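Q: Residue numbers (our numbering): 71 to 288.
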């Protein structure tokens, strides 16, 4: 014996398909619980994963016009339209809303559709619809501005700094410029040194000779 839930103007709407009769309405709320031991005192909800809500709807579409309850060619066309609507929703793969007169389910996706027409006690004048749907959970993405990294501070210290004290040189001292000699050997850079070297004299001897010829005191 079949028990009908509704047979009134407030009929069940399964997406784009209107059911004349709602037979069963089933809601499944599943969760996955960990199979491993949980430490006492921990947050137990961290070990339980909430599943998606699922519903099963079973109903009937009649060949009769519900207004006058008459059967005929128009009724057969009504069954064809119902099957075409199921095919269209299956092809669209879109979210639908299911209204049963008492409950309202939004953002539902079909996971199964089945239409059965038999010549049993219903006499082929009814199309039995069975559908399973799963709720798609939506999230809202939020964007946030990431601050720019702070600029590097000014470099401290003096560029080109070395271990050598400023003002000092590792080369020949200025006192060797007159004589043209240094610790590493004669430095042939001054005119005096060139003259003395050309005369076969030391720079000091050349200076003394020039002073003598010019009548200068030593």
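Backbone N, C-alpha and C fix where the C-beta goes; we use that ideal spot for every residue, glycine too. It should be emphasised that the depicted structure is a prediction, and the values quoted were computed from it without experimental measurement.
By DSSP's criteria, residue 127 is part of a beta bridge. Which residues make up the other side?
A: Within the chain shown, residue 127 is the residue found at index 57, counting from 1. Paired residue(s): 95 and 201.
Q: Taking only three categories from DSSP, how would you classify residue 159?
A: Here residue 159 refers to the residue found at position 89 of the chain shown. In the structure shown, residue 159 sits in a helix (DSSP, three-state: H, G or I).
Q: Specify, as a first and last residue, the run of the alpha helix (DSSP H) that residue 278 falls within.
A: Along the chain shown, read from residue 1 onward, the residue named residue 278 stands at position 208. That run of the alpha helix (DSSP H) goes 273 to 283.
Q: Does the distance from the CB of residue 91 to the CB of residue 127 come in under 8 angstroms?
A: Within the chain shown, the letter at position 21 stands for residue 91. Within the chain shown, the letter at position 57 stands for residue 127. In this structure, residue 127 does not lie closer than 8 angstroms to residue 91 by Cβ.
Q: Considering only residues of the same chain and omitting the five flanking positions on each side of residue 89, which have a CB-CB separation below 7 angstroms?
A: Counting from one through the chain shown, the residue named residue 89 turns up at place 19. Cβ neighbours of residue 89 beyond the five flanking positions: 81, 82, 129, 130, 131 and 199.
Q: If you follow the beta strand (DSSP E) that residue 181 is in, where does it begin and where does it stop?
A: Within the chain shown, numbered from 1, the residue matching residue 181 stands at position 111. Residue 181 -> beta strand (DSSP E) spans 174 to 186.
Q: Taking 8 angstroms as the threshold, find out whether the segment 151 to 170 comes into contact with the segment 212 to 220 through three or more Cβ pairs.
A: At 8 angstroms Cβ cutoff, the stretches do not touch.
Q: Is DSSP giving residue 189 helix, strand or coil here?
A: The count along the chain shown starts at 1 and reaches residue 189 at position 119. In this structure, residue 189 counts as coil in the three-state DSSP scheme.
Q: Does the Cβ-Cβ distance between residue 203 and residue 185 come in under 8 angstroms?
A: Walking along the chain shown from the start, residue 203 turns up at place 133. Walking along the chain shown from the start, residue 185 turns up at place 115. In this structure, residue 185 does not lie closer than 8 angstroms to residue 203 by Cβ.
Q: Can you give the beta carbon distance from residue 84 to residue 201, rounded, assuming they're within the 8 angstroms contact cut?
A: The residue you call residue 84 lines up with position 14 of the chain shown. The residue you call residue 201 lines up with position 131 of the chain shown. Indeed, because the Cβ distance is near 6 angstroms, the residues count as touching under 8 angstroms.
Q: Classify residue 90 as helix, strand or coil using the three-state DSSP reduction.
A: In the chain shown, counting from the first residue as 1, residue 90 sits at position 20. Coil at residue 90, not helix or strand.
Q: The beta strand (DSSP E) spanning residue 169 covers which residue range?
A: Taking the chain shown and counting its residues from 1, the one referred to as residue 169 is at position 99. From DSSP, the beta strand (DSSP E) with residue 169 extends over 166 to 169.
Q: Looking only at DSSP bridge pairs, what is residue 118 linked to?
A: Residue mapping note: residue 118 aligns to position 48 of the chain shown, counting from 1. The partner list for residue 118 (beta bridge, DSSP) reads 103.
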